[in-house]
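One structure below.
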Amino acid sequence: MSGSLSLRNRINATVRDIPRSGIRDFFDIVTTMKDVISLGIGEPDFDTPWHVRESTVFALERGVTHYTSNLGYLDLRRALTQYVALNFGAEYKPDDEVLITVGVSEALDLALRALINPGDEVLYHEPCYVSYRATILFANGVPVEVPTRAENGFRLTRAMLEERLTPRTKILMLNFPNNPTGAIMDRKDLEEIAAFAIERDLIVITDEIYGELTYDAPHTSIVSIPGIKERTIFLHGFSKAWAMTGFRLGYACGPAELIEAMMKVHQYTMLCASSLSQKAALEALARPETDVTEMVDEYRRRRNYIAAAFKEMGVQCHTPLGAFYAFPSVAQFGLSSKDFALKLLHEERVAVVPGTAFGACGEGFVRCAYATSMDKIKEAMARIARFTRQLK
Amino acid sequence: MDELLKILQTNALEKREDIARMLGLPPAQVDARIADYEKQGVIRGYQAILNEDQLDLDKVTAVIEVKVTPQREGGFDTIAERISRFPEVRSAYLMSGTYDLLLFVEGRTLREVAGFVSERLSPLEGVLSTSTHFMLKTYKRFGVLMHEEKTDERLTVSP
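Taken in sequence, the protein lines are chains L and C. Be aware that the first sequence starts at 287, since it is given in the working numbering, and climbs by one per residue. Be aware that the second sequence starts at 32, since it is given in the working numbering, and climbs by one per residue.
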């Protein structure tokens with residue numbers, strides 16, 4: 287008989303070496319505690335609009351329980367191209383330039399797998415969504431992070447990108463409005479980035495899942511800038527603006543050749559997105575103005591409340607312009623982000639996420655999601671105020 | 032609608048300093064604007080939304096459709112205002128469609144409401160006919176569900 291079975295050595299080296307999401311670790315601690323107010327939740331507290339839920343029940347009764355086309359229902363793709371044209375300023379053909387996916391997460395994975403040859407470099411800005419680096423690595427790409435800074439509102443500039451560019455750079459990933467910083471980019475910022483991508487012949491993947499959630503100015507998409515659409519994969523979905531996270535429904539729009547390549551991976555791994563979720567999405571698109579506007583108004587009030595509360599505490603926090611996250615600096619308290627978050631959790635029972643969960647340059651910051659009720663936000667801010675007073 | 036009014040319409044007990052934070056205004060300005068709205072008569076009062084079914088009250092509510100003759104001067108307003116002044120009438124609306132006024136009338140008993148309709152409402156000059164419906168159960172009032180327990184099934188921390 288040989289020695290004990292070592293499974294660890296059998297695991298793919300990339301998977302083995304990637305750490306679990308820092309969010310996951312934090313989640314494990316929080317779940318052991320009682321009476322915690324969580325500002326750590328990256329999904330809306332609103333329920334999915336009732337007309338969407340009601341029509342999903344009806345779809346189930348009607349027997350919408352089968353596979354759909356790999357690309358997704360054609361009527362949904364048609365509705366989506368109209369929605370994207372109207373709200374993001376780019377025209378796509380429903381027949382071959384749209385792919386319905388299982389959330390934006392799958393769409394991002396497909397885009398990277400469809401594009402990357404081993405060793406290709408992918409530029410992405412940090413702090414960023416927790417999955418970017420891992421998804422690039424799983425696709426055998428080389429993640430190249432571009433740190434953004436609070437001083438200029440966590441925006442991305444051409445100079446920052448030039449610094450990290452190499453002959454192997456193939457893809458530029460964007461996420462504005464941004465999780466976790468709440469940063470947005472205006473048209474001028476994006477024109478500079480688009481010019482860079484065109485001159486350096488890069489493919490752009492833009493994750494605009496928070497596109498509807500801006501508070502002081504309407505969102506501008508990079509795909510609305512002339513000349514960039516031809517080399518861009520646009521990603522969007524229903525989780526945030528319609529509070530439909532559990533439906534897992536996203537989509538990608540892009541040049542037919544790239545969508546076809548993504549469709550091949552999707553076809554052999556996922557087959558299609560849930561038929562019920564696709565019907566739900568179609569219903570959601572029927573009246574986005576009312577559903578989304580009401581939620582955005584409420585998020586704006588909460589955003590204002592949190593920003594004002596941090597200001598009163600003397601905690602620096604750049605004004606979040608989009609998404610539903612505030613990203614205040616806690617560097618003045620002499621604790622690491624993680625220690626600050628742990629101490630706050632243990633002493634005041636408020637959960638925030640250490641900035642380092644979103645990249646090394648998130649050190650000195652914590653993420654506070656305001657996708658939670660105003661009553662809880664008030665209580666959480668009162669507790670944080672008490673906590674910071676005692677730290678000073 | 033003004034954000035300030037939206038906030039108050041959702042929760043009239045919202046503290047001034049909290050409203051100030053939500054709107055990015057100094058608290059004194061919030062006070063001044065509320066006082067203005069009260070003075071103008073835009074804000075006409077503040078009430079709690081009760082789930083009366085839980086209270087076991089001696090009370091019945093009727094919804095009454097009323098057909099009336101509009102008057103030569105004053106149209107529907109004169110008769111509608113006259114009817115609205117009865118304290119039994121809790122709400123009154125001018126409607127389009129097959130009747131003219133919709134009333135929400137409260138009384139302690141069915142008999143009391145019936146008495147109001149037959150002795151006070153119907154005899155009024157200009158009232159042509161009434162149709163009375165008694166309310167049995169309340170599911171939702173002023174946008175608030177009466178029987179829902181709010182639960183949060185979300186994970187406590189998520190990306």
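Ideal Cβ placement from N, Cα and C applies to all residues, glycine included.
Would a check of beta-carbon distances place residue i closer than 8 Å to chain L?
{"i": "C/Thr187", "result": "yes"}
{"i": "C/Arg47", "result": "no"}
{"i": "C/Arg172", "result": "no"}
{"i": "C/Asp183", "result": "yes"}
{"i": "C/Ile65", "result": "no"}
{"i": "C/Ile80", "result": "no"}
{"i": "C/Pro154", "result": "no"}
{"i": "C/Ile38", "result": "yes"}
{"i": "C/Pro190", "result": "yes"}
For residue i, I'd like the list of residues in its chain whose CB is within less than 6 Å of its CB, leaving aside the five on either flank, ordered along the chain.
{"i": "L/Arg635", "result": "Asp321, Val322"}
{"i": "C/Gly15", "result": "Any question about residue 15 of chain C goes unanswered here, given that chain C covers just 32 to 190."}
{"i": "L/Val578", "result": "Glu498, Ala527"}
{"i": "L/Leu458", "result": "Leu409, Ala483, Leu488, Val490"}
Closest to residue i by CA distance: which of the options is it?
{"i": "L/Arg573", "options": "L/Leu394, L/Gln553, L/Lys624, L/His337", "result": "L/His337"}
{"i": "L/Ala393", "options": "L/Glu543, L/Ala538, L/Leu621, L/Phe644", "result": "L/Ala538"}
{"i": "L/Val408", "options": "L/Ala559, L/Val430, L/Lys662, L/Gly536", "result": "L/Val430"}
{"i": "L/Ile422", "options": "L/Ile479, L/Leu401, L/His604, L/Gly648", "result": "L/Leu401"}
{"i": "L/Leu568", "options": "L/Pro305, L/Gly427, L/Val639, L/Arg363", "result": "L/Arg363"}
{"i": "L/Ser525", "options": "L/Tyr501, L/Phe610, L/Val551", "result": "L/Phe610"}
{"i": "C/Gly128", "options": "C/Val136, C/Leu134, C/Lys98, C/Pro118", "result": "C/Lys98"}
{"i": "L/Thr387", "options": "L/Val350, L/Leu357, L/Trp528", "result": "L/Leu357"}
{"i": "L/Gly405", "options": "L/Arg450, L/Arg454, L/His411, L/Leu372", "result": "L/Arg454"}
{"i": "L/Val616", "options": "L/Phe312, L/Ile670, L/Ala559", "result": "L/Ile670"}
{"i": "L/Asp333", "options": "L/Glu347, L/Ser659, L/Ala559, L/Ile489", "result": "L/Ser659"}
{"i": "L/Gly439", "options": "L/Val384, L/Leu398, L/Gly468", "result": "L/Gly468"}
{"i": "C/Ala111", "options": "C/Leu134, C/Arg103, C/Asp89, C/Glu119", "result": "C/Leu134"}
{"i": "L/Ala397", "options": "L/Ala436, L/Gly540, L/Glu575, L/Pro335", "result": "L/Gly540"}
{"i": "L/Tyr420", "options": "L/Arg302, L/Tyr353, L/Asn461, L/Val490", "result": "Looking at the sequence itself, residue 420 of chain L is Ala, so the reference to Tyr does not match. Nearest C-alpha to L/Ala420: L/Arg302."}
{"i": "C/Leu88", "options": "C/Glu34, C/Gly138, C/Pro154, C/Lys37", "result": "C/Gly138"}
{"i": "L/Glu412", "options": "L/Glu649, L/Phe673, L/Ile663, L/Arg672", "result": "L/Glu649"}
{"i": "L/Thr674", "options": "L/Asp661, L/Ala646, L/Lys597, L/Lys662", "result": "L/Lys597"}
{"i": "L/Lys456", "options": "L/Ala559, L/Glu485, L/Tyr415", "result": "L/Glu485"}
{"i": "L/Ile545", "options": "L/Thr605, L/Asn295, L/Tyr378", "result": "L/Tyr378"}
Below 8 Å CB to CB, which residues in the same chain sit around residue i once its five sequence neighbours on both sides are set aside?
{"i": "L/Ser417", "result": "Ser307, Ser391, Leu394"}
{"i": "C/Thr41", "result": "none"}
{"i": "C/Leu141", "result": "Val91, Phe165"}
{"i": "L/Val428", "result": "Gly405, Asp406, Glu407, Val408, Ile422, Arg454"}
{"i": "L/Ala503", "result": "Ile470, Asp472, Leu607"}
{"i": "C/Asp84", "result": "Lys168, Thr169, Met177"}
{"i": "L/Glu329", "result": "Ser525, Lys526, Ala529, Thr531, Ala657"}
Are the C-beta atoms of residue i and some chain C residue less than 8 Å apart?
{"i": "L/Glu665", "result": "no"}
{"i": "L/Ala594", "result": "yes"}
{"i": "L/Glu392", "result": "no"}
{"i": "L/Glu329", "result": "yes"}
{"i": "L/Asn590", "result": "yes"}
{"i": "L/Val388", "result": "no"}
{"i": "L/Val338", "result": "no"}
{"i": "L/Arg672", "result": "no"}
{"i": "L/Val416", "result": "yes"}
Looking only at its own chain, which residues have a Cβ that is under 7 Å from the Cβ of residue i, when we skip the five neighbours before and after it?
{"i": "L/Ala666", "result": "Ile323, Leu325, Val636"}
{"i": "L/Ala476", "result": "First, the amino acid is wrong: residue 476 of chain L is Leu here, not Ala. Contacts found: Thr506, Ile508, Ile511."}
{"i": "L/Val638", "result": "Leu325, Gly326, Ala627, Leu630, Val652, Arg653, Cys654"}
{"i": "L/Leu499", "result": "Pro463, Lys526, Ala527, Val582, Tyr585, Gly608, Ala609, Phe610"}
{"i": "C/Thr100", "result": "Gly157, Leu159"}
{"i": "L/Glu516", "result": "Pro541"}
{"i": "L/Met548", "result": "Leu385, Leu396, Ala397, Ala400, Ala538"}
Report whether the distance from the Cβ of residue i to the nearest heavy atom of the ligand MG is below 7 Å.
{"i": "L/Leu423", "result": "This structure lacks the ligand MG; in fact it carries no ligand of any kind."}
- Message: For the pair the region 141-153 of chain C and the region 82-101 of chain C, tell me if three or more CB-CB distances fall below 8 Å.
- Response: yes
- Message: By the 8 Å beta-carbon criterion, what residues does the region 52-63 of chain C contribute toward chain L?
- Response: Arg52, Met53, Leu54, Gly55
- Message: Using a Cβ-Cβ cutoff of 8 Å, what residues of the region 100-112 of chain C are near chain L? List them in chain order.
- Response: none
- Query: Would you call the region 343-361 of chain L and the region 589-605 of chain L touching, i.e. three or more CB-CB distances under 8 Å?
  - Reply: no
- Query: When Cβ atoms are compared, which residues of the region 633-644 of chain L fall closer than 7 Å to chain C?
  - Reply: Ala637, Val639
- Members of the region 304-329 of chain L that neighbour chain C once the beta carbon cut-off is set at 7 Å: Ser307, Ile309, Phe312, Phe313, Val316, Thr317, Val322, Ser324, Gly326, Ile327, Gly328, Glu329
- Message: By the 8 Å beta-carbon criterion, what residues does the region 564-591 of chain L contribute toward chain C?
- Response: Asp583, Arg587, Arg588, Asn590, Tyr591
- Give a yes or no on contact between the region 117-127 of chain C and the region 72-89 of chain C, applying the rule of three or more CB pairs nearer than 8 Å. no
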